[in-house]
Structures are given as structure tokens and as C-alpha cells.
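A.B. asks: Residue numbers (my numbering), protein chains in the order written: chain A, 1 to 275; chain B, 1 to 275.
Protein chains: 2
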Amino acid sequence: MEKAGSMPIGVFDSGLGGLTVAREIMRNLPNERIVYFGDTARVPYGSKSKNTIVRYSRQIVRFLKTQDIKAIVIACNTATALAIDEVSEEAGMPVIGVVEPGARMAAESTRNGKVGVIATRATIHTHAYSNAIRRINPDIRVFSQAGALLVPLVEEGWVHDRVTDEIIMRYLDDLLEHGIDTLILGCTHYPLLRSTIRKLVGDEVTLINPAYETAKELGRMLACRGLESTGTIEEGEPYPYKFFVSDDPDKFTSFANSILPVDVKMAKIVPIEEY
Amino acid sequence: MEKAGSMPIGVFDSGLGGLTVAREIMRNLPNERIVYFGDTARVPYGSKSKNTIVRYSRQIVRFLKTQDIKAIVIACNTATALAIDEVSEEAGMPVIGVVEPGARMAAESTRNGKVGVIATRATIHTHAYSNAIRRINPDIRVFSQAGALLVPLVEEGWVHDRVTDEIIMRYLDDLLEHGIDTLILGCTHYPLLRSTIRKLVGDEVTLINPAYETAKELGRMLACRGLESTGTIEEGEPYPYKFFVSDDPDKFTSFANSILPVDVKMAKIVPIEEY
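1) Can you pull the chain B residues whose beta carbon is under 7 Å from the beta carbon of residue 124 (chain A), in chain order?
2) Are there 16 or more other CB atoms within 10 angstroms of the CB of residue 1 (chain A), so buried, or fewer, so exposed?
3) Interface residues of chain B around residue 248 (chain A) at Cβ under 8 Å?
4) Among B:252, B:117, B:29 and B:140, whose alpha-carbon lies nearest the alpha-carbon of residue 176 (chain B)?
5) What ranges does the beta strand (DSSP E) occupy inside the stretch 4–36 of chain A, keeping only unbroken runs of at least 3 residues that lie completely in it?
6) Mind listing the chain B neighbours of residue 152 (chain A)? Cutoff is C-beta to C-beta under 9 Å, in chain order.
7) Run down chain B in chain order and give the residues with a C-beta less than 7 Å from the C-beta of residue 273 (chain A).
8) Where do the N-terminal and C-terminal ends of the beta strand (DSSP E) with residue 183 (chain B) fall, by residue?
9) Thinking C-alpha only, which one of B:228, B:58 and B:165 is nearest residue 201 (chain B)?
10) Locate the beta strand (DSSP E) running through residue 59 (chain B), then write down its first and last residues.
11) Cβ closer than 7 Å: which chain A residues qualify as neighbours of residue 41 (chain B)?
12) Going by other Cβ atoms of all chains shown within 10 Å of its Cβ, with 16 needed for buried, is residue 122 (chain A) buried or exposed?
13) Grab me the residues of residue 209 (chain A)'s own chain with a C-beta within less than 6 Å of its C-beta, minus the 5 sequence neighbours each way, in chain order.
14) Secondary structure at residue 147 (chain B), three-state DSSP: helix, strand or coil?
15) Using C-beta distances below 7 Å, list every residue in its chain close to residue 232 (chain B), excluding the 5 sequence neighbours before and after it, in chain order.
16) Taking only the alpha-carbon atoms, compute the straight-line gap between residue 103 (chain A) and residue 97 (chain A) and give it to the nearest angstrom.
17) Drop a sphere of 10 angstroms on the beta-carbon of residue 266 (chain B), count the other beta-carbons inside from all chains shown, and report buried for 16 or more, exposed for fewer.
18) Would residue 154 (chain B) and residue 120 (chain B) be called neighbours here (beta carbons separated by less than 9 Å)?
19) Would you report the Cα separation of residue 54 (chain A) and residue 43 (chain B), rounded to the nearest angstrom?
20) Figure out for me which residue from A:114, A:144, A:139 and A:113 has the closest Cα to the Cα of residue 128 (chain A).
21) What is the DSSP secondary structure of residue 179 (chain A), counted as helix, strand or coil?
22) Assuming residue 146 (chain A) contacts residue 75 (chain A) under a Cβ cut-off of 8 Å, what Cβ separation, rounded to an integer in Å, is found between them?
23) Closer than 9 Å, Cβ to any Cβ of chain B: which residues of the stretch 158–170 of chain A, in chain order?
24) For the stretch 84–95 of chain A, which residues have a beta carbon sitting closer than 9 Å to at least one beta carbon of chain B?
25) Counting contacts by CB-CB distance shorter than 9 Å, is residue 213 (chain A) in contact with chain B?
26) Quick one: residues in its chain with C-beta nearer than 8 Å to the C-beta of residue 259 (chain A), no 5 flanking neighbours on either side, listed in chain order?
27) Express the C-alpha separation of residue 50 (chain B) and residue 174 (chain B) in angstroms, rounding to a whole number.
28) Which partner residues does residue 96 (chain A) have in the DSSP bridge list?
29) Could you give the C-beta distance for residue 214 (chain A) and residue 73 (chain A), rounded to a whole number, given that I count them as a contact under 8 Å?
30) Per DSSP, what kind of secondary structure is residue 262 (chain B) in: helix, strand or coil?
31) Confirm, please, whether the CB-CB distance from residue 66 (chain B) to residue 251 (chain B) is below 9 Å.
32) Thinking just about the alpha-carbon of each residue, which of B:34, B:77, B:45 and B:100 is nearest to the one in residue 262 (chain B)?
33) Under 9 Å between C-beta atoms, does residue 156 (chain A) make it to chain B?
34) Where are the beta strand (DSSP E) runs, 3 residues long or more, that stay fully inside the stretch 111–156 of chain A, in chain order?
35) From the DSSP output, which residues share a beta bridge with residue 268 (chain B)?
36) Using only alpha-carbon positions, find the residue among A:204, A:178 and A:29 that is nearest to residue 230 (chain A).
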């Protein structure tokens, strides 16, 4: 299994947001190699239809499979919610999405049985989080809210800003009125707003970051299947983390360097439509 | 020329915004037929690279040419700014973009020689409006501002909203400090914010809507080339306006019906990547 262990994990997202998942994998599973694909030419997925997201996700899986990977992480809530079954079918290897681990932790955390979810419109419309939570515990009530402006606000860099505070409050208002004690940050960009959200909701609400739960779940799954990396990544090993995008590597690498614990020197462009 | 005259005009955009251009063509050239394509699967273009936008635009032109059209209107500022030359080359027929007509009217309107442009990041980075205005009158000073949040705000439906007011003011602050007397709404979504922008900038600033100028320019061009429709569109003529999209026709038709003067019953999905 040494060979399998040293193979990288394929991680993909509609663009930049999935880097928060890659970051948690790097932090929690420091011996694992990663091949990341960000679909920056076709971002965002959050407003697109299931058919389109399934088609795009299949193309990405076909590309990732050329990279000799051992497992796939769908580091995008929308793609997980809309395409995890099709991705698993296409992949022929273990696949983990971000929804199930986030839902499980939310179900474990809530004390009053009221969980809130904030996510993109497409993710909310699938009811993926509500369905996953109710499968675990049908007594939990789930309240959902689409937050279409939050990704643009993060990408505009307005993370600590009065306008962002007001928009977040408006999105969270109903959820808080329902008395939720647990809030799932159901889009991979939202952990970047965590401190702002924390300030606005107070200490009484537990914030769930599915990216972190997904990294932990990935570690358990690799261990169970004997697929974990047993060697360590040597200092100076060329490219334990590889990055691919479908458009404009410069914007991607600058964002990646602002949030990852490693230095991202380059990202290669992949003609993803050809896969 | 009667045959050519009755052929439709191909109009395309990255998604919904170009409908404001289609609306001006319907209002100003009521005898012209239109085939509209909105690239809703790959929207938005405003944050993508030139290569990608050129590739997408060429695919759209190849599709539009299957529709027996007589001319093409690029109803998207970003695609005009980044791809008008490549579109013209691919088209082999008259092509009009939204930048040149908007720039010309701004140059005619300004009294103090200070023009502001607000547009997507990609459009601003090309300097398309500044270059076009300076070609007309090198003495005019052009001040530009990217407004990345405005399209998401319009699509969220927050057109008359305190948050939108504050964001617009923040974007326009610098331009107003420079003393502009003319402001180009350099993204096809922005005319939908016109009344809000008018309220915030006051009556002293002339607002330029490139969609309107483009429709007028299209009328002149068709007349010069003997390509204008000489017959009228009969009440009840099936499909004088046809709509095609690359994703989710429902969202598209509901937006189209909210802004167009005609009833949009359906939009067909086109597998645009295959063109």
C-alpha cells in the first residue's frame, strides 16, 4: 500500500473557495499530497443548473484521473449537493463531499435541535444539508438561507466591512429568529467570513465549518482503507501540492497565497472542456 | 434586399444583462427580428481572462450563424472590450459592440471634459472605454471604477435598497470627487440601477446608457447597408424574437419577462461547448 499511500488526493471546486478545504487537508493531514483543480473559467456554480454542474464535474473527474490520484474530495458545496452520485460513478475510487461531514457535525453539536444553513442558492434548493441532517436525526429542524452576495463580497475583499456586516445580518436574521444554536457555513468561501459571522451571531451559536469536518473524515476514510500516506513529505519535495485551473492562473495563485499555509508558485491551465 | 431585411439580428451576452440591449433594439427598431443568446452556463464574463472570453465568444458566433442572421450585436461590455476583433473575424458580417456607441455619446455629452466609467473588472482592465473616448477626443479625461458587486446586487433583486445605495456611493465616490459631469453605465446590468444612480449622483451628471446608443447605431448601420427590415412584424407572428441559453431557461425567462416589453414564453438550451 506504500505506492497507493503516496498517491495524491484529487480536490476540486468551482474556483477559489475549495482552497479552504485544501487548507484544512494540509493542516490536518500534513503527509498527504494534493492535486487541486479550480474551474475558474466557469465559476460560479452556485447559480447554475444540476445538468450543467454534473457535466462540469464529470469533466473535472476525468481530468483528475489523469493525475494518478487515490481519492477525490469535492471541495464545493454546490457540486457535492448536485453531483456527488455522478462523480462517484465516474470516479471509480473513494469520493468525499463536504455536505455529509458538515451535516454530521451539526447534528452532533446542536443542543436545542435547531440548525441553520447558509449557502448558495443552488445548494439551498437541493435541500442537501436538511436531507443529510434529517437522515441522521429526523427530530432536528433545519432552517436555510441563500446568501448570493457573500461570495462576491469575499472576492471583492470586503471581509471586514460595515456593508458586509449588514448583508450578513440580513441573511442571518430569520435563522436567528428561529432560535438556531448551530450554523453551517455551507459554502467554501464562508469560513473566510467566520470572524465577522462570529461577531454578529455571538458565542451562543456553534459555527460548523464543513471544510474542517471534511478533512477529518478524509483522514478516517484513508486510514480505514489503508490508503493513508505513511511517509512524510520531505522538505523541498517538488510539488507535493499541484494546482490546476481552467482560467487565469495569476488571480488564482494570488488568492491561494493569501489563504494557504504553503507558497503557491504556479497553477497550470487545463482545457477542461476537452475532458 | 427584402430577404436580408427580414433576417434576424444576432444578439449575445454572457447571460441576462444583454437583455437591456435587446430591449432597446425592440423599442427603437420595432421591425427587426432578434435571435438572442445568453451564456448562462458560463456567466459571468466580467472576472475572466481574454483567452477564455474570446473562445466563448467565437463559439457563440458559430452558433448564431446557424440562425441565418444578418448582423451581430455584442450586448456585453466585457465581450466587446476583449473580443470584438475576434468576433468580427469569425462573423463575416457586420458586428456592433456596446463600447464604441457609448464612448461616442459620452464624448459628445461632456461639457467639462471629465467622463466617468463604471464597469466590471475585466472591462475596466482593458481600458476599452478610455481608449475609445481618447480616440474621439484626446483632451477628455476618463476616470474608471470597477463595480464587482453591482451585478450580484441586481440579480439578488436589491435594486432599491439602502445597502445598494451605500455600495454604489462607495464605487462612485472617487469619480464624483474628480468632478465628472458624464457617467457611462459600462455594464449591461447597470441601466437597471439607473434610477438609484440618478438619485445618488444628482441631475448634474449625464448618465450614458450604451444599450440605447447601440440600438441607435445599429439602426444607422442597417440603413446604410440596406439591411434594415422594410416590412413590419405582424401581430401574432410566431417568434420574431427567439431566445437561446446555455443553462436553466426558467430563471432566464423569468428575468426576461421582468424587463422586456414582450412576453417571453420559452428559451431553448444550446450545448454551446460543441460549437
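By construction, the Cβ of each residue, glycine as well, lies at the ideal position given by its N, Cα and C atoms.
Since the structure is predicted, the reported quantities are computational estimates derived from the model, not experimental observations.
C.D. replies: Checking against the coordinates, here is how it stands:
1) The contacting residues do not exist; residue 124 (chain A) stays about 14 Å from chain B at best.
2) Interpretation of residue 1 (chain A) is limited by its pLDDT of 46, a score under 50 that renders its predicted location unreliable; the figure taken from the coordinates is listed afterwards. Flag for residue 1 (chain A) reads exposed.
3) 48, 49 and 52
4) B:117
5) 9–13
6) Taking a Cβ-Cβ cut-off of 9 Å, the neighbours of residue 152 (chain A) in chain B comprise 148, 149, 151, 152 and 153, given in sequence order.
7) 273
8) 182–185
9) B:165
10) Careful: residue 59 (chain B) lies outside any beta strand (DSSP E), inside the alpha helix (DSSP H) at 50–64.
11) Those are 48 and 52, listed as they occur along chain A.
12) buried
13) Taken in chain order, the residues that qualify are 185 and 191.
14) Residue 147 (chain B): coil per DSSP, three-state reduction.
15) 31
16) 11 Å
17) exposed
18) No, the pair does not count as a contact, with Cβ atoms beyond the cut-off.
19) Their backbone Cα atoms lie some 17 Å apart in a straight line.
20) A:144
21) coil
22) About 20 Å separates the beta carbon of residue 146 (chain A) from that of residue 75 (chain A), a gap too long to meet the 8 Å contact definition.
23) Across the stretch 158–170 of chain A, CB contacts with chain B closer than 9 Å involve 158, 162, 163, 166, 167 and 170, in sequence order along the chain.
24) none
25) Not flagged as an interface residue toward chain B: residue 213 (chain A), since no C-beta distance is shorter than 9 Å.
26) 19, 20, 23 and 192
27) So the two alpha carbons sit approximately 27 Å from each other.
28) A:73
29) 6 Å
30) coil
31) Against a cut-off of 9 Å, the Cβ pair of residue 66 (chain B) and residue 251 (chain B) comes out as no contact.
32) B:34
33) yes
34) Unbroken beta strand (DSSP E) stretches of 3 residues or longer found wholly inside the stretch 111–156 of chain A: 114–119 and 141–146, given in chain order.
35) B:244
36) A:29
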